[in-house]
Amino acid sequence: MVVKKAAESLTIMTNIVLPNETNHLGNLFGGELLAKMDRCASISASRHSGKRAVTASVNHVSFRYPIPQGGIVILEAKVSRAFSTSMEVYVDVWYDAVFSGEKIHTNEGIYTFVAVDENNKPVQVPVLKPETCLEKERYAAALRRRELSLILSGRMKPQDSEELKKLFL
Ligand SMILES: CC(C)(COP(=O)(O)OP(=O)(O)OC[C@H]1O[C@@H](n2cnc3c(N)ncnc32)[C@H](O)[C@@H]1OP(=O)(O)O)[C@@H](O)C(=O)NCCC(=O)NCCS
Numbered sequence: 054m055v056v057k058k059a060a061e062s063l064t065i066m067t068n069i070v071l072p073n074e075t076n077h078l079g080n081l082f083g084g085e086l087l088a089k090m091d092r093c094a095s096i097s098a099s100r101h102s103g104k105r106a107v108t109a110s111v112n113h114v115s116f117r118y119p120i121p122q123g124g125i126v127i128l129e130a131k132v133s134r135a136f137s138t139s140m141e142v143y144v145d146v147w148y149d150a151v152f153s154g155e156k157i158h159t160n161e162g163i164y165t166f167v168a169v170d171e172n173n174k175p176v177q178v179p180v181l182k183p184e185t186c187l188e189k190e191r192y193a194a195a196l197r198r199r200e201l202s203l204i205l206s207g208r209m210k211p212q213d214s215e216e217l218k219k220l221f222l
């Protein structure tokens, strides 16, 4: 059984917001950010699995704070839990406002990636070992997020969930 630390999948991308990436308000366009988040998460999933990884589901994305043109954007992706062939990947986005010295947590996204072979068939991934408090917290909660995603995509019946039931019953 191969075990890998969450930190081994850490992927950091730093970008500057260019004019062609902004919306009519002069802030980073949501779709541009989503593309960057997906790319960053995909690299993280490949680092953990050692395979090509495809996006199976975008489970959650939040947009809390706008990032202006010229702003520096930092994306940090890390695998939060590995299952059999799928992995949950967390992406945190920061606006590094270098002139004021502030680093603002602007966005967060939670993705499911699946490792695939050369025939695009799902393949087993290493077990993930969380180490920090945040990694352990995200690892624990990933089980119920997986159930919710499987229910919403019609892959699981609500009555078959275990973790979600614990929340409500
Ligand atoms: C993702 C994909 C490989 C899954 O293939 P599949 O034949 O449905 O495979 P399976 O049913 O064996 O599912 C594979 C894993 O994905 C998980 N999965 C699939 N859909 C999911 C969803 N919506 N939410 C959470 N997990 C999901 C399954 O639970 C399973 O996980 P496990 O092996 O860890 O238990 C296939 O649907 C695909 O190729 N989709 C297109 C991917 C793509 O093009 N993405 C965008 C560009 S990268």
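In our numbering, the protein residues as written are 54 to 222. Idealized CB from N, CA, C, for every residue including glycine.
* Asked: Can you give, in chain order, each stretch of the alpha helix (DSSP H) that sits fully within the stretch 94-158 and has at least 4 residues?
  -> none
* Extent of the continuous alpha helix (DSSP H) to which Leu220 belongs -> Glu216 to Phe221
* Asked: Any heavy atom of ligand 1 closer than 7 Å to the CB of Val176?
  -> no
* Asked: From the DSSP output, which residues share a beta bridge with Glu85?
  -> Paired residue(s): none; Glu85 is not in a bridge.
* Asked: DSSP three-state call for Lys174: helix, strand or coil?
  -> coil
* Straight-line gap, Ala130 to Gly83 (C-alpha atoms, nearest Å) -> 18 Å
* Asked: Does the Cβ-Cβ distance between Val167 and Ser139 come in under 8 Å?
  -> yes
* Within 7 Å: the Cβ of Phe116 and any heavy atom of ligand 1? -> no
* Closest Cα partner of Ile120 within the set Glu171, Asn68 and Ser206 -> Asn68
* Evaluate Thr93 with the Cβ neighbour count: other Cβ atoms within 10 Å of its Cβ, from every protein chain shown; 16 or more gives buried, anything less gives exposed. => Sequence inspection shows Cys at residue 93; the Thr mentioned does not correspond to that position. Buried: at least 16 other Cβ atoms inside 10 Å.
* Could you tell me which of Lys182, Leu71, Gly79 and Lys89 sits nearest to Met54, measuring between CA atoms? => Lys182
* Asked: Is it the case that the CB of Val169 approaches a heavy atom of ligand 1 more closely than 7 Å?
  -> yes
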